[in-house]
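J.: Pasting in a structure now, in structure tokens, and then I'll have a few things to ask.
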Amino acid sequence: MTKTTISLIKCDVGSLAGHHVVPKPLLNIADRRLEKAEEDGLINTHHVFNVGDDLQLLMAHQGGESNAEIHRLAWEIFQKASDKAKELKLYGAGQDLLATAFSGNVRGMGPGVAEMEIEERGSDPIVVLAADKTSAGAFNLPLFRIFADPMSTAGLVIDPGMAGGFKLEVLDTIGEKKVVLKCPEEMYELIALIGTVGRYMISHVWRAEDDLICATGSVTKLSKIAGKYVGKDDPVLIVRAQHGLPALGEILMPFTHTYLVAGWMRGSHWGPLMPVGVKDARCTIFDGPPRIVALGFQIVDGKIACDDGGKPMIADLFADPAFDMARREATEYISMLRRMGEFEPARLGIGEMEYTTLPQILKRLEDRFKPF
Ligand code: F6R
Ligand code: MG
Ligand code: MG
2 MTKTTISLIK
12 CDVGSLAGHH
22 VVPKPLLNIA
32 DRRLEKAEED
42 GLINTHHVFN
52 VGDDLQLLMA
62 HQGGESNAEI
72 HRLAWEIFQK
82 ASDKAKELKL
92 YGAGQDLLAT
102 AFSGNVRGMG
112 PGVAEMEIEE
122 RGSDPIVVLA
132 ADKTSAGAFN
142 LPLFRIFADP
152 MSTAGLVIDP
162 GMAGGFKLEV
172 LDTIGEKKVV
182 LKCPEEMYEL
192 IALIGTVGRY
202 MISHVWRAED
212 DLICATGSVT
222 KLSKIAGKYV
232 GKDDPVLIVR
242 AQHGLPALGE
252 ILMPFTHTYL
262 VAGWMRGSHW
272 GPLMPVGVKD
282 ARCTIFDGPP
292 RIVALGFQIV
302 DGKIACDDGG
312 KPMIADLFAD
322 PAFDMARREA
332 TEYISMLRRM
342 GEFEPARLGI
352 GEMEYTTLPQ
362 ILKRLEDRFK
372 PF
């Protein structure tokens, strides 16, 4: 049976009124080009959306992960959209397009990528999560809760299909190594690593008993690619739900409360992650707060299930009053954190800041520092 691939590829190619929101003309460029790719048979279904200043291309196809044609398609769309952004003098036009020529895979060229190739089950509900003004480490906490915390995911305790536990792959983005840890047996080791969200990031999750792929996230450190801070690492994640996997509601459960993530204002502050519907996925206060959207859909015969008019049926999962509590908490955290101004821990530690004037200040004061 042919496998189905879900690709979510995103890029900041320019936005309206600062790093705020992707405007309609750029979304239209992506939508039209993906429409054409569907007509040509390269992909089966697409859905274009944005989270803050990130243009998100969701595609279902049968070309497998890291497919050069799919990646070229995304790269060309980002280039076209960035040309339009330049024409309109939108802000940060072409921001994340770090490479000049396409080299077969957009990974490492600036855009963020999450891809999952699956053998379709009887019914395959999928959730994609996409966040702005943060980085891949922001998914460590919810992925732990979803796949390893029995106080959050009831199925870990009461669904025999999940009793075998899950295996989580953790990347060490500084040591450039990876390790697979099995939960519940290695839960403490897992937490010891992934609590350091700026270094260790979960990239894949499999069900332990049969190695069924359950989740895959984008893990990029653009600063490592470019050797300095450029572009943004705003992350994306694909999660499979139900029938021996966490239920939809167990996947959403960790977002009942806000929690702090790195990457707010100038990529240099901790901020409360706010779950929002797509219409509210635009950044305002202090360039944030960091926002996350969750879209749900079904996969059928290589496609995203569509309505009678041929449009993919997409559930905007955080557009729900049930997440009001997390949103209210996030606004309370904003007021607490921003009262601290540039004092840690509101501001990130020195090694993690995207912007800093410290080297210049130290240089200027060099002669005035005396031994004590
Ligand atoms: C954070 C972000 C913004 C910018 C800030 C300064 O991810 O994108 O907070 O860092 O608005 O942007 P520039 O330096 O372009 O004025
Ligand atoms: Mg931007
Ligand atoms: Mg962004």
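Just so you know, we're using the working numbering here: the sequence shown kicks off at 2 and counts up by one.
Beta carbons: idealized from backbone N, C-alpha and C, even for Gly.
Among all the DSSP beta bridges, which residues are the ones paired with T217?
T.: H205, I239
J.: Flag H20 as yes when its Cβ comes closer than 8 Å to any non-hydrogen atom of ligand 2, and as no otherwise.
T.: yes
J.: Nearest to G352 by alpha carbon, out of A131, M163, H270?
T.: Checking every option, the nearest Cα to that of G352 belongs to H270.
J.: Enumerate in chain order the residues of its own chain whose CB-to-CB distance from A209 is below 7 Å, with the five nearest sequence positions on each side excluded.
T.: G165, G166, F167, K168, K183
J.: Leaving aside the five residues before and after L142 along the sequence, list all residues of the same chain whose C-beta is less than 7 Å from its C-beta, in chain order.
T.: P255, Y260
J.: At a cut-off of 8 Å, is Q57 close to ligand 2 when judged by its beta-carbon and the heavy atoms of the ligand?
T.: no
J.: Looking at the secondary structure, which residues open and close the beta strand (DSSP E) in which R339 lies?
T.: Counting along the chain, R339 falls outside any beta strand (DSSP E), though it belongs to the alpha helix (DSSP H) covering 325-339.
J.: Find the nearest neighbour of Y92 within the set D41, V23, L98, K312, judged by alpha-carbon distance.
T.: Nearest option by C-alpha distance: V23.
J.: Any heavy atom of ligand 1 closer than 8 Å to the beta-carbon of E343?
T.: no
J.: Going by DSSP, which residues form a beta bridge with A132?
T.: I293.
J.: A149 bridges to which residues according to DSSP?
T.: DSSP, once it has assigned bridges, lists no residue as partnering A149.
J.: Compare the Cα-Cα distances from P322 to each of G342, V158, P276, H20 and report the closest residue.
T.: P276
J.: Does the beta-carbon of G93, which I'm using as the reference point, lie nearer than 8 Å to any heavy atom of ligand 2?
T.: yes
J.: Taking the beta strand (DSSP E) that H48 belongs to, which residues open and close that run?
T.: H48 -> beta strand (DSSP E) spans 46-52.
J.: In the structure shown, what three-state DSSP assignment does A61 receive?
T.: In the structure shown, the three-state DSSP call for A61 is strand.
J.: Applying the 10 Å Cβ sphere with the 16-neighbour rule, what's the burial state of F145?
T.: Flag for F145 reads buried.
J.: Should L98 and C12 be called a contact, given that it needs their Cβ atoms to be closer than 9 Å?
T.: Against a cut-off of 9 Å, the Cβ pair of C12 and L98 comes out as a contact.
J.: Between A11 and ligand 1, is there a pair consisting of the residue's CB and a ligand heavy atom that are separated by less than 8 Å?
T.: First, the residue type needs correcting, since residue 11 is Lys and not Ala in the sequence shown. Not under cutoff, so the answer is no.
J.: Name, in chain order, the residues that DSSP records as bridge partners for G265.
T.: It should be noted that the sequence gives Trp, not Gly, for residue 265. Answer by DSSP bridge pairing, in chain order: H270.
J.: When we look at the beta-carbon of T417 and count the other beta-carbons within 10 Å, is it buried (16 or more) or exposed?
T.: Here the chain has residues from 2 to 373 only, and residue 417 is not among them.
J.: May I ask whether a heavy atom of ligand 3 can be found less than 8 Å away from the beta carbon of D281?
T.: no
J.: Going by CA-CA distance only, name the one from I119, G272, I78 that's closest to H62.
T.: It is I119.
J.: Decide yes or no for the touch test of the stretch 29-40 against the stretch 81-89: beta carbon pairs closer than 8 Å, at least 3 of them.
T.: Segments in contact, yes.
J.: When the Cβ atoms of the stretch 233-247 are set against those of the stretch 117-134, are three or more pairs found closer than 8 Å?
T.: yes
J.: Please report the straight-line C-alpha distance between D160 and E343, rounded to a whole angstrom.
T.: 47 Å
J.: Thinking just about the alpha-carbon of each residue, which of A137, I147, P185, L9 is nearest to the one in W76?
T.: L9
J.: I'd like to confirm the pairing. Which residues does DSSP put opposite G113 in its beta bridges?
T.: K11
J.: Just grab the DSSP bridge partners of A316 for me.
T.: Per DSSP, G297.
J.: If you reduce the DSSP assignment to three classes, tell me which class Y356 lands in.
T.: Assignment of Y356 by DSSP, reduced to helix, strand and coil, places it in the coil class.
J.: Kindly identify the DSSP beta-bridge partner or partners of V171.
T.: V180, I203
J.: Once the 5 residues before and after P126 are set aside, which same chain residues still bring their CB inside 7 Å of it?
T.: A242, Q243, L249, G297, Q299
J.: Across the stretch 35-53 and the stretch 305-313, are there enough close Cβ pairs to call them in contact, namely three or more that are closer than 8 Å?
T.: With a cut-off of 8 Å, the stretch 305-313 and the stretch 35-53 count as touching, because enough Cβ pairs lie within range.
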